[in-house]
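K.L.:
Chains as they are written, first to last, in the numbering used here: chain X, 15 to 539; chain C, 2 to 276; chain G, 4 to 231.
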């Protein structure tokens with residue numbers, strides 16, 4: 015070693031140590047990146063699973079009806095006041111059913127078929143029309159066009175979410191031969207070979223087609239196929255005319271699930287396809303999620319009542335928790351002497367923030383409802399319970415924000431003769447405001463997502479009407495999500511996801527507000 | 002060496018600074034000040050007076066109690082818990098620690114400037130106007146404008162900020178911020194200005210500006226400045242007091258303290274020797 | 004006095020002191036040797052004294068440089084400030100003393116044969132208290148002793164008395180033998196030089212006193228004889 019400076023950089027020992035140190039460095043970075051990918055992955059997974067579900071609930075199918083408001087049906091004698099019209103849901107619904115019956119004459123053949131038609135539209139779906147007509151009596155006797163949501167199961171079918179269905183095109187159908195039993199024999203050179211091939215493939219995949227339905231559709235006409243050969247098949251017409259099949263290339267639908275196990279029949283599918291062919295079914299955004307209240311029918315259900323309920327609840331929470339929290343924080347931080355008592359209070363406020371939320375629910379039920387006799391299921395009580403839960407969070411955040419204000423600001427104000435209150439409210443609190451409000455809004459966001467304590471004070475009840483005051487019966491969004499997720503029908507699943515997305519959107523909005531406030535008012539000093 | 006010999010009484014000493022006639026009555030007279038933090042005594046029986054229209058510098062090593070003593074003069078120690086001040090601090094013959102005197106009013110007569118420039122996070126105008134507003138010193142908008150202008154002029158900041166009075170005070174440079182703080186203190190018409198290491202966060206040019214300003218202000222106010230820089234004390238003050246371990250070791254004309262201190266501890270401190 | 008926290012500062016002050024002392028030592032030998040060369044009529048020694056003067060000038064320049072650097076870099080305060088100032092002035096005075104000694108040596112070379120042994124002895128006699136004066140003031144400087152310095156300062160009138168005696172003696176010798184006028188004039192200047200050296204010593208004593216005590220010795224207070 016001739017050059018001592020060079021040797022310090024290049025001894026094998028030093029190089030070895032350096033390598034080890036570098037390796038530790040790289041390892042740590044990899045751990046960090048791994049942690050971030052894990053967190054991001056979880057987030058993406060959540061967003062995808064909920065988002066995919068929610069997207070299907072974001073639109074739904076509505077059926078257009080051109081009806082004449084027959085006064086004989088809508089205003090039967092003795093029921094002519096607007097209130098009675100508004101209540102006459104059955105009358106309006108009858109008009110829709112009759113419209114469908116007129117469209118599909120075959121539905122008149124027996125009671126069972128009429129029942130199947132009547133399932134297309136739930137009665138309550140006409141309520142908005144009834145109310146509209148009640149307020150505009152001049153519409154009576156006129157023809158109007160109205161759109162009503164399609165039954166949720168048929169909606170799911172159209173979205174392809176109801177059950178597996180294989181669609182194949184047939185070759186040209188050359189002959190239709192009506193038979194005595196009402197069915198017909200249809201023929202075509204190799205026309206039905208694709209159906210046979212598709213069914214064989216399905217069977218090869220282990221799917222049992224013994225009770226499968228094969229529906230053949232051409233235009234508005236649909237029939238059920240039996241005895242399928244490559245060149246001929248027997249068709250049992252469900253809707254439309256046999257002539258429609260003459261010379262056409264029809265579409266066949268192979269539905270493996272037996273009709274008896276489905277909630278919708280082949281007949282209903284046939285009608286739905288016909289309505290769709292007539293352009294009477296359209297897929298539209300489901301604004302009703304935000305404009306309707308809860309319903310037992312998923313196609314009518316919406317979150318408005320819960321949204322308003324959440325709003326009232328948050329209003330009560332904010333009005334109670336934020337002022338109390340901020341005042342308590344300001345007093346504790348700026349005015350209270352530091353002694354054992356204030357230490358004790360501080361520890362207990364921290365403890366209060368860590369109490370499980372359901373305990374607050376029990377407390378609320380015991381004190382507000384049983385002892386003070388406040389109404390059950392009301393946003394007022396819910397808000398008070400959530401306020402109890404939120405205000406320790408507000409206190410802790412506000413105290414941290416106040417602590418972060420440099421003491422030089424306080425001494426600067428005191429030194430020119432500001433009183434302590436002037437110092438605090440003219441100088442310290444404005445500087446701490448972004449931090450205080452961040453804490454408050456984050457606390458509120460937490461309260462907004464809270465379910466457990468509200469279950470205990472009865473906010474889980476079914477609420478069909480939008481609450482108009484904090485003392486009305488109400489529910490809130492997370493509870494609504496909880497309720498919907500317990501419902502049996504398939505259609506609730508995407509609805510639940512859509513509601514979750516709405517709740518998340520509201521939370522994101524609140525967090526965005528926090529970021530905005532921080533950016534706007536945060537000061538460097 | 003003989004101790005406790007005021008230069009005035011020593012015939013061999015040259016005449017003291019002509020700018021500070023020793024005959025003027027003191028603006029503040031402190032008698033036997035003792036300060037306790039809980040059970041610890043931070044200041045031991047300090048008696049000293051501060052002449053009007055002169056700068057008195059308090060020097061000493063860190064933790065010697067000079068800042069604590071300074072904060073007695075406008076009762077800023079009131080805001081510290083467990084802090085107890087004993088002894089008399091007379092201003093116009095009244096003890097400022099008396100219960101009949103409100104600290105808030107006292108502080109309008111005894112202004113203070115801090116180590117770190119601490120303008121309020123408000124506009125330059127509001128920084129100055131805040132004090133007169135809370136003390137009701139301005140009778141109207143024009144009056145307030147006049148006070149703001151006068152204070153900024155006295156602090157030598159007017160020319161630099163007159164076009165941007167609505168800009169935030171924190172947008173100024175460090176030295177300008179400190180002058181803003183001085184203007185803020187001046188705006189409430191104090192008689193005494195306390196400065197707690199006002200230049201320790203500033204560069205030499207900004208420091209020189211502040212020192213020039215202090216020299217200007219001394220024609221109107223009684224100024225007490227705590228500083229770690231002996232050169233600064235030597236430059237700006239007429240009288241210097243040396244504190245050590247909570248005791249006032251020596252007080253005298255600045256020139257005498259820095260050329261010929263009476264006390265060995267002062268000598269060791271100013272010449273940079275082991276104390 | 005205890006050391007500075009910055010030890011290099013103490014070292015620099017020590018170096019300054021020792022330079023002054025070294026300068027003082029050289030100047031001391033110059034006075035003694037020039038007067039001895041005069042008394043013993045030793046031209047070799049006289050030339051040697053003359054040759055020593057540039058050394059003194061060099062030390063003085065060096066001291067001045069050190070002092071400028073100390074003031075610029077250390078911002079001396081208190082005793083250090085007084086010490087540095089007095090060193091600056093002392094080095095000036097010593098340089099002047101060196102010049103005067105050189106002058107004595109030069110004049111010693113110029114003397115002709117008419118100078119009597121009495122005349123030489125008179126100068127030698129006068130040179131002794133002057134040398135002692137310088138020696139004492141350098142002692143006072145080395146120990147920063149204000150009492151010693153004040154003694155030196157107040158004993159300047161001894162030198163003055165000596166000077167007056169030598170003056171009168173010389174005048175007597177000139178009256179006796181007018182051929183001695185040329186040498187006598189030199190002798191008078193030499194005596195005057197010695198008297199000036201005494202004054203410079205007094206000045207140094209004042210600086211030492213200021214350095215030690217921090218106050219000025221007022222010239223008014225000094226006992227003074229009437230000047231010739």
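Virtual Cβ for every residue (Gly too), placed ideally from N, Cα, C. Quick caveat, the model's predicted, so the values are computed rather than measured.
Within the stretch 71 to 133 of chain C, note down every full beta strand (DSSP E) run reaching 3 residues or more, in order along the chain.
P.N.:
Entirely contained in the stretch 71 to 133 of chain C, the beta strand (DSSP E) runs reaching 3 residues are, in chain order, 84 to 92 and 111 to 114.
K.L.:
Whose Cβ in chain G lies nearer than 8 angstroms to the Cβ of residue 232(C)?
P.N.:
In the second chain, residue 232(C) corresponds to position 231, counting from 1. Correct list: 78.
K.L.:
Examine chain C for any beta-carbon lying closer than 8 angstroms to the beta-carbon of residue 12(G), and answer yes or no.
P.N.:
By one-based count along the third chain, residue 12(G) stands at place 9. So yes, residue 12(G) belongs to the interface.
K.L.:
Consult DSSP for residue 37(C) and reduce its assignment to one of helix, strand or coil.
P.N.:
The count along the second chain starts at 1 and reaches residue 37(C) at position 36. If DSSP states are grouped into helix, strand and coil, residue 37(C) belongs with the strands.
K.L.:
I'd like to know if the stretch 238 to 249 of chain X and the stretch 199 to 212 of chain X are in contact, where contact means that at least 3 CB-CB pairs between them fall below 8 angstroms.
P.N.:
A contact exists between the stretch 238 to 249 of chain X and the stretch 199 to 212 of chain X.
K.L.:
Drop a sphere of 10 angstroms on the beta-carbon of residue 488(X), count the other beta-carbons inside from all chains shown, and report buried for 16 or more, exposed for fewer.
P.N.:
As a working note, residue 488(X) is residue 474 in the first chain. By the neighbour-count rule (16 or more Cβ atoms within 10 Å), residue 488(X) is buried.
K.L.:
Check the Cβ of residue 8(G) against every Cβ in chain C and list those closer than 8 angstroms, keeping chain order.
P.N.:
Taking the third chain and counting its residues from 1, one reaches residue 8(G) at position 5. Near residue 8(G) (Cβ distances below 8 angstroms), the residues of chain C are 273, 274 and 275.
K.L.:
Where DSSP assigns a beta bridge to residue 82(X), which residues make up the other side?
P.N.:
Counting from 1 along the first chain, the entry for residue 82(X) is found at position 68. Paired residue(s): 157(X).
K.L.:
Could you tell me whether the Cβ atoms of residue 71(X) and residue 300(X) are closer together than 8 angstroms?
P.N.:
Stepping through the first chain from its first residue, residue 71(X) is reached at position 57. Stepping through the first chain from its first residue, residue 300(X) is reached at position 286. Contact flag set, yes.
K.L.:
As a quick exercise: from 223(X), 403(X), 356(X) and 345(X), pick the residue whose alpha carbon is nearest that of residue 372(X).
P.N.:
Residue numbering aside, residue 372(X) sits at position 358 when the first chain is read from its first letter. Residue 372(X) has its Cα closest to that of 403(X), out of 223(X), 403(X), 356(X) and 345(X).
K.L.:
Below 6 angstroms CB to CB, which residues in the same chain sit around residue 106(X) once its five sequence neighbours on both sides are set aside?
P.N.:
Locating residue 106(X) in the first chain gives position 92, counting from the first residue. Closer than 6 angstroms at Cβ, skipping near neighbours: 140, 143 and 144.
K.L.:
At a Cβ threshold of 8 angstroms, is residue 84(G) touching chain C?
P.N.:
Residue mapping note: residue 84(G) aligns to position 81 of the third chain, counting from 1. Output row for residue 84(G): interface = yes.
K.L.:
Starting from residue 165(G), follow its DSSP beta bridges and name the residues at the other end.
P.N.:
Looking up residue 165(G) in the third chain gives position 162. Its beta-bridge partners do not exist; DSSP assigns none.
K.L.:
Would you list, in chain order, the members of the stretch 225 to 250 of chain C that have their beta-carbon closer than 8 angstroms to a beta-carbon of chain X?
P.N.:
So nothing in the stretch comes that close.
K.L.:
May I ask which residues mark the beginning and end of the beta strand (DSSP E) holding residue 237(X)?
P.N.:
The residue given as residue 237(X) occupies position 223 in the first chain. Segment 235 to 240, the beta strand (DSSP E) holding residue 237(X).
K.L.:
Tell me, please, whether the CB atom of residue 261(C) is closer than 8 angstroms to any CB atom in chain G?
P.N.:
In the second chain, residue 261(C) corresponds to position 260, counting from 1. By this cut-off, residue 261(C) is an interface position.
K.L.:
Take every Cβ of the stretch 323 to 336 of chain X, pair it with every Cβ of the stretch 178 to 198 of chain X, and state whether three or more of those distances are shorter than 8 angstroms.
P.N.:
They do not touch, by the three-pair rule.
K.L.:
Cutting at 6 angstroms between CB atoms, please list the residues of its own chain near residue 472(X), excluding the five before and the five after it.
P.N.:
Residue 472(X) sits at position 458 when you count from the first residue of the first chain. The residues are 390 and 391.
K.L.:
Measuring CB atoms only, is the stretch 80 to 87 of chain X touching the stretch 305 to 314 of chain X, in the sense that at least three cross pairs come out at less than 8 angstroms?
P.N.:
They do not touch, by the three-pair rule.
K.L.:
Can you list the alpha helix (DSSP H) stretches of 4 or more residues lying completely in the stretch 126 to 170 of chain X, in chain order?
P.N.:
DSSP runs (the alpha helix (DSSP H)) wholly in the stretch 126 to 170 of chain X: 141 to 149.
K.L.:
Note down, in chain order, all residues in the stretch 416 to 429 of chain X with a beta-carbon under 8 angstroms from any beta-carbon belonging to chain C.
P.N.:
Residues passing the 8 angstroms Cβ filter: 420, 422, 423, 424, 425, 426, 427, 428 and 429.
K.L.:
Suppose you measure from the CA of residue 153(C) to the CA of residue 430(X); what does that come to, to the nearest Å?
P.N.:
Walking along the second chain from the start, residue 153(C) turns up at place 152. Walking along the first chain from the start, residue 430(X) turns up at place 416. When rounded, the distance between both Cα atoms is 16 angstroms.
K.L.:
Counting only Cβ-Cβ distances shorter than 9 angstroms, please list the residues of the stretch 326 to 346 of chain X near chain C, keeping chain order.
P.N.:
So nothing in the stretch comes that close.
K.L.:
Based on Cα-Cα distance, which residue from 196(C), 192(C), 173(C) and 174(C) lies nearest to residue 183(C)?
P.N.:
The sequence position of residue 183(C) within the second chain is 182, counting from 1. Cα-wise, what sits closest to residue 183(C) is 196(C).
K.L.:
Is there a Cβ of chain C sitting closer than 8 angstroms to that of residue 449(X), yes or no?
P.N.:
Against the first chain, residue 449(X) aligns to sequence position 435. Chain C, which has no Cβ nearer than 8 angstroms to the Cβ of residue 449(X), makes this no.
K.L.:
Just the chain X side, please: which residues come within less than 9 angstroms of residue 112(C) by C-beta, in chain order?
P.N.:
On the second chain, residue 112(C) is found 111 positions in, with the first residue counted as 1. 429, 430 and 431, listed in chain order.
K.L.:
Judging by CA-CA distance, which residue of 124(X), 137(X) and 451(X) is the nearest neighbour of residue 102(X)?
P.N.:
Counting from one through the first chain, the residue named residue 102(X) turns up at place 88. Considering only alpha carbons, the answer is 137(X).
K.L.:
Do the stretch 165 to 173 of chain X and the stretch 223 to 243 of chain X touch if we need at least three Cβ pairs shorter than 8 angstroms?
P.N.:
At 8 angstroms Cβ cutoff, the stretches do not touch.
K.L.:
By a C-beta neighbour count over all protein chains shown, 10 Å radius and 16 as the cutoff for buried, is residue 365(X) buried or exposed?
P.N.:
Residue numbering aside, residue 365(X) sits at position 351 when the first chain is read from its first letter. Exposed.
K.L.:
Verify the CB distance criterion: does residue 534(X) have a CB-CB separation below 8 angstroms to chain C?
P.N.:
For the purposes of this step, residue 534(X) is taken as the residue at position 520 of the first chain. Judged by the 8 angstroms Cβ criterion, residue 534(X) is not in contact with chain C.
K.L.:
Give the secondary structure of residue 252(C) by DSSP, where H, G and I count as helix, E and B as strand, and everything else as coil.
P.N.:
Position 251 of the second chain, counting from 1, holds the residue named residue 252(C). Here residue 252(C) sits in strand by DSSP.
K.L.:
Closer than 8 angstroms is the cut-off here; do at least three beta carbon pairs connect the stretch 198 to 205 of chain C with the stretch 131 to 149 of chain C?
P.N.:
The stretch 198 to 205 of chain C, when compared against the stretch 131 to 149 of chain C, does not touch it at the 8 angstroms Cβ threshold.
K.L.:
With a threshold of 8 angstroms, are at least 3 pairs of Cβ atoms found where one atom belongs to the stretch 83 to 101 of chain C and the other to the stretch 116 to 134 of chain C?
P.N.:
As far as the Cβ criterion goes, the stretch 83 to 101 of chain C does not touch the stretch 116 to 134 of chain C, which means the pair count is below three.
K.L.:
Quick check on residue 189(X): does DSSP put it in helix, strand or coil?
P.N.:
Position 175 of the first chain, counted from the first residue, corresponds to residue 189(X). Strand, per DSSP.
K.L.:
Around the C-beta of residue 349(X), are 16 or more other C-beta atoms found within 10 angstroms, so that it is buried, or is it exposed?
P.N.:
Taking the first residue of the first chain as 1, we reach residue 349(X) at position 335. So residue 349(X) counts as exposed.
K.L.:
Indicate whether residue 140(C) and residue 166(C) have their beta-carbon atoms separated by less than 8 angstroms.
P.N.:
Working through the second chain from its first residue, we reach residue 140(C) at position 139. Working through the second chain from its first residue, we reach residue 166(C) at position 165. No; because the gap between Cβ atoms is not below 8 angstroms, this pair is not in contact.
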